[in-house]
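Trainee:
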Amino acid sequence: MVLLLGCSMAKECRAYTNVTPVAPPLPIPYGTHHTKMLVALYPDKVRVAIFTANFLSGDWNCKTQGVWYQDFDLKVVGDSGDEEEGPVIAAASPAAVHDFEADLVLYLSSLGHQVKLFCGELKRFDYSTARVALIPSVPGVHKGKGKQARQAHCKDRVCSLDPEASSNFVVSRVSCVQLDRLLKAFNIPETDNPLICQRNSTQGWNAGRSIPCPLKNMKSFLHKYLRKWTPPAALHRQNAMPHIKTYARFDPRDEKAGTLDWAIMTSSNMSKAAWGAFQKNKTQFMIRSYELGVMFLPPLLTRESSGPRMRLSVIGSKAAEDSGVVAREDSNTQQQATILLPLPFQFPLKTYDPKKDEPWVWDLTREDSDIFGSAYIPH
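The numbering of the sequence shown is the working numbering, which starts it at 35 and goes up by one.
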């Protein structure tokens, strides 16, 4: 087992002889390995899982998180030595799908020598059935337009997969606020851009310790972007505070709000450390931390180029109800045209009123008792 972690955890791993601890190189000060993922090898397949939870019981048991995974079988070689052709992927964005293996290997190779050796095993598997595109982030100062530089720049990656500009952007959870800069990077207007807030939960006040927004960062301009934490009832997540990081694009004017142009689940908070920043008159791009996410895009979800284009909708939305379809990836039904995502958005989004609803900040004392009878004292 190869375990990627911070240097401070290496000592704890010494008791486990089957664990090889690896501390990824961090060339920029204050950078972190923030990715949450698992790659599991089996005799006949590999499972790639990307999620938003740390390996902490509280993250998995008490918070709203996101998990994506897919299994990939061994590559099949025919008598002629050529690889067997896999399913035909819709041609709307072929490079995004067929680069899944290259993107995965390139990202993992950046994590260190031990992981790079492991990548040789990954090349034995067939990733042509991938239904998502990877959105990676690699720390460093990147120049030019090479593969590594493009992969490091998450914003360029997103825009290349979805070149048709739109004016709506949804943020479901954020702990590091750089909203004004990110809006400009994605060419998004400063209106109708929801950001969902968090309050008390079944963890009591302690849930807020995972939402590190200090008072100095809760700027007045943010208030117009705040939306209430109201996930669909079907998800049963109302009292489980969000640690999930999701971004999506939709048209709020659509009477069937809930149909998404695309959605991203990622480890990236809204920060320069995660998304990076241009330097030296935009001649170079600096990013501090490792991040990894997946992008759901209708063309990538369509199994065959001749099949119907999949529609992406949020569970609990009017668009999902009107579809009357609960589509599953493993289903053979040809009439399914909708993929339902269990994202924590309740449409229409409810406006957050700062005059009545107090935004959460984690550095203020809360003397009122929570559900456990405890007050909140900032660390």
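For glycine and all other residues, C-beta sits at the position ideal for the given N, C-alpha and C.
1. Report the rounded CA-to-CA distance for residue 247 versus residue 256, giving the unit in angstroms.
2. Is it buried or exposed, residue 399, if we count other Cβ atoms within 10 angstroms and call 16 or more buried?
3. Can the beta-carbon of residue 393 be found less than 8 Å from the beta-carbon of residue 304?
4. Along the chain, where does the alpha helix (DSSP H) that runs through residue 141 open and close?
5. Leaving out the 5 sequence neighbours to the left and right, which residues in its chain are closer than 6 Å to residue 73 when beta-carbon positions are compared?
6. Please tell me whether residue 108 and residue 67 are closer than 8 Å, where the distance is taken between their beta carbons.
7. When DSSP labels each residue in this structure, what does residue 65 get in the three-state scheme?
8. Answer yes if the segment 381 to 389 comes into contact with the segment 260 to 270, meaning at least three C-beta pairs across the two stretches below 8 Å, and no otherwise.
9. Which full runs of the beta strand (DSSP E) of 3+ residues lie inside the segment 43 to 90, going along the chain?
10. Could you tell me the boundaries of the alpha helix (DSSP H) in which residue 297 lies?
11. Considering just the uninterrupted stretch of the alpha helix (DSSP H) at residue 149, what are its terminal residues?
12. Under 7 Å Cβ to Cβ from residue 238, same chain only, skipping five residues before and after it: list those, please.
13. Distance, Cα to Cα, residue 355 vs residue 163?
14. Identify the continuous alpha helix (DSSP H) that holds residue 335 and give its terminal residues.
15. Are three or more beta carbon pairs between the segment 74 to 94 and the segment 277 to 297 nearer than 8 Å?
16. How many Å lie between residue 323 and residue 306 at the Cα?
17. What residue from 296, 308 and 381 has the CA that sits closest to residue 373's CA?
18. Leaving out five residues before and five after residue 148 in sequence, what residues of the same chain have Cβ atoms less than 7 Å from its Cβ?
19. Roughly how many angstroms lie between the CA atoms of residue 63 and residue 347, to the nearest whole one?
20. What three-state label does DSSP hand residue 401 in the structure shown?
21. Would you mind listing the beta strand (DSSP E) stretches within the segment 238 to 278 that are 3+ residues and don't spill past its ends, in chain order?
22. Three-state secondary structure (DSSP) at residue 309?
23. Can you give the Cα-Cα distance for residue 331 and residue 299, rounded to whole angstroms?
24. Helix or strand or just coil, what does DSSP make of residue 100?
25. Can you grab the Cα-Cα spacing for the pair residue 333 / residue 157, in whole Å?
26. Only counting the same chain, and skipping five residues up and downstream in sequence, which positions put a Cβ closer than 7 Å to that of residue 52?
27. Would residue 378 pass as a contact of residue 269 if the rule is Cβ separation under 8 Å?
28. For residue 385, write down the residues that DSSP places opposite it in a beta bridge.
29. Give the secondary structure of residue 105 by DSSP, where H, G and I count as helix, E and B as strand, and everything else as coil.
30. Compare the Cα-Cα distances from residue 134 to each of 103, 60, 166 and 319 and report the closest residue.
31. Taking 7 Å as the cut-off, does the CB of residue 380 come closer than this to any heavy atom belonging to the ligand PLP?
32. Might you give, ordered along the chain, the residues of its own chain that have their beta carbon closer than 6 Å to the beta carbon of residue 353, omitting 5 neighbours on each side?
33. Quick check on the burial criterion: 16 or more other C-beta atoms within 10 angstroms. Buried or exposed for residue 91?
Mentor: Taking the definition as stated:
1. 12 Å
2. exposed
3. no
4. 134 to 143
5. 82
6. The answer is no: Cβ separation not under 8 Å.
7. coil
8. yes
9. 54 to 56, 71 to 75 and 79 to 85
10. Note, residue 297: premise wrong, no alpha helix (DSSP H); beta strand (DSSP E) at 293 to 300.
11. DSSP places residue 149 in the uninterrupted alpha helix (DSSP H) bounded by 147 to 156.
12. 404, 405, 406 and 408
13. 28 Å
14. 332 to 335
15. yes
16. 9 Å
17. For the residues 296, 308 and 381, the minimum Cα distance to residue 373 belongs to 296.
18. 36, 54 and 56
19. 40 Å
20. Secondary structure of residue 401 (DSSP, three-state): coil.
21. Residue ranges of uninterrupted beta strand (DSSP E) with 3 or more members are absent from the segment 238 to 278; none lies entirely inside it.
22. helix
23. 12 Å
24. Coil at residue 100, not helix or strand.
25. 25 Å
26. 35
27. yes
28. 261
29. strand
30. 166
31. This structure lacks the ligand PLP; in fact it carries no ligand of any kind.
32. Only 290, 292, 293 and 347 meet the Cβ criterion.
33. Exposed: under 16 other Cβ atoms inside 10 Å.
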